[in-house]
Amino acid sequence: MQTETISLEIAEHIAHVKLTRPDELNTMTPAFWEDMISVFEAIDADPAVRAVVLSSTGRHFTAGLDLKSAQSLHGDPKDVARERVHFLKHVKRLQHSFTVIDECRVPVIAVIQGGCIGGGVDLVTACDMRIIAEGGWFSVQEINVGIVADVGTLQRIPHLLPQGIVRELAYTGRRFPADEAKSYGFVNAVAADHEAALASAMALAKTIAQKSPVAMMGTKAVLNRGRGQTVEAGLDYVAVWNAAFLQGEDMREAIGAQMQKREPAFKNIA
Numbered sequence: 001m002q003t004e005t006i007s008l009e010i011a012e013h014i015a016h017v018k019l020t021r022p023d024e025l026n027t028m029t030p031a032f033w034e035d036m037i038s039v040f041e042a043i044d045a046d047p048a049v050r051a052v053v054l055s056s057t058g059r060h061f062t063a064g065l066d067l068k069s070a071q072s073l074h075g076d077p078k079d080v081a082r083e084r085v086h087f088l089k090h091v092k093r094l095q096h097s098f099t100v101i102d103e104c105r106v107p108v109i110a111v112i113q114g115g116c117i118g119g120g121v122d123l124v125t126a127c128d129m130r131i132i133a134e135g136g137w138f139s140v141q142e143i144n145v146g147i148v149a150d151v152g153t154l155q156r157i158p159h160l161l162p163q164g165i166v167r168e169l170a171y172t173g174r175r176f177p178a179d180e181a182k183s184y185g186f187v188n189a190v191a192a193d194h195e196a197a198l199a200s201a202m203a204l205a206k207t208i209a210q211k212s213p214v215a216m217m218g219t220k221a222v223l224n225r226g227r228g229q230t231v232e233a234g235l236d237y238v239a240v241w242n243a244a245f246l247q248g249e250d251m252r253e254a255i256g257a258q259m260q261k262r263e264p265a266f267k268n269i270a
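If you read the sequence shown in the UniProt record's numbering, its first letter stands for residue 1, the second for the next number, and so on.
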């Protein structure tokens, strides 16, 4: 599958999503936001997919929002209320473009090279894991152009970094380099270069794809549901989840494979 801004390839239960506008620094045009929704809808519809690797091309992962397209975010100029309703609907649609990643039923691994700027941080914080190439960096760039980050960074990054660091990055827009990001656990690994980072992500995706797809879907759902909830509410949720799904074939297959010292063979999710 190839859209205007993104490509999708699926092989051996792994979906590889790739940003494909390197000459434009993979900036996020109006087409990008719709393409992201279409690509993840296709992933969700494919029962064979068990993990996603999301990477990019060129010197930078993404320079964030395409500022030229930001000039067209106005509705009815004669009525400020209607103009603001138009803008609200627009922002909610942009948010949905990354919520589809967060809510994807399988884990998503981001591979970052060079700069991951503005909307790029919104994007990778919606992913489950992040692997970055040496020399890569992040920037919550919105503060530097006079706006509040509004597509997910400020909601998701507090679950990934200490509050003081979150606020420093959001208030200053400074570069957050790979080694510092690794020291806080924001990235899972720092690889020697982009190729090595992609290889590491693919190896991780392969390991994930070998697990029970039902158990993997449930694990992600329970982890996501637990954000912002009490331990008690989380325990209730996972109890209900396992009461519904624990009696499937996957547990018997997983235990049988361990006892027989073989690789398990799980069916795709219907």
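Glycine included, every Cβ here is placed at the ideal spot set by N, Cα and C.
For residue 263 and residue 253, the rounded distance between their alpha carbons: 10 Å
Starting from residue 89, follow the alpha helix (DSSP H) in both directions and report where the run begins and ends. 80-102
Check whether the region 198-206 and the region 141-151 touch, using three or more Cβ-Cβ pairs below 8 Å as the test. no
Find the nearest neighbour of residue 182 within the set 36, 131, 104 and 90, judged by alpha-carbon distance. 131
For residue 14, which of helix, strand or coil comes out of DSSP? strand
From which residue to which residue does the alpha helix (DSSP H) around residue 208 run? 194-209
So who's on the other strand from residue 2, going by DSSP bridges? 7
Sheet register partners of residue 127 (DSSP bridge): In DSSP, residue 127 forms no bridge with anything.
Just grab the DSSP bridge partners of residue 51 for me. 14
Under a three-way DSSP split, which group does residue 190 fall into? strand
Here's the rule I'm using: 16 or more other beta-carbon atoms within 10 Å means buried, otherwise exposed. How should residue 169 be labelled? buried
For residue 115, report the span of its beta strand (DSSP E) as first-last. 115-117
When we look at the beta-carbon of residue 80 and count the other beta-carbons within 10 Å, is it buried (16 or more) or exposed? exposed
Taking the Cβ atom as the reference point for each residue, do residue 101 and residue 205 lie within a distance shorter than 8 Å? no
Is the separation between the beta-carbon of residue 51 and that of residue 10 shorter than 8 Å? no
If you follow the alpha helix (DSSP H) that residue 38 is part of, which residue opens it and which one closes it? 30-45
Please state the DSSP three-state secondary structure of residue 239. helix
From which residue to which residue does the alpha helix (DSSP H) around residue 166 run? 163-172
Quick test of your reading: residue 8 and residue 39, contact by CB under 8 Å. State the CB separation rounded to the nearest angstrom. 5 Å
Under DSSP, the alpha helix (DSSP H) around residue 214 begins and ends at which residues? 213-226
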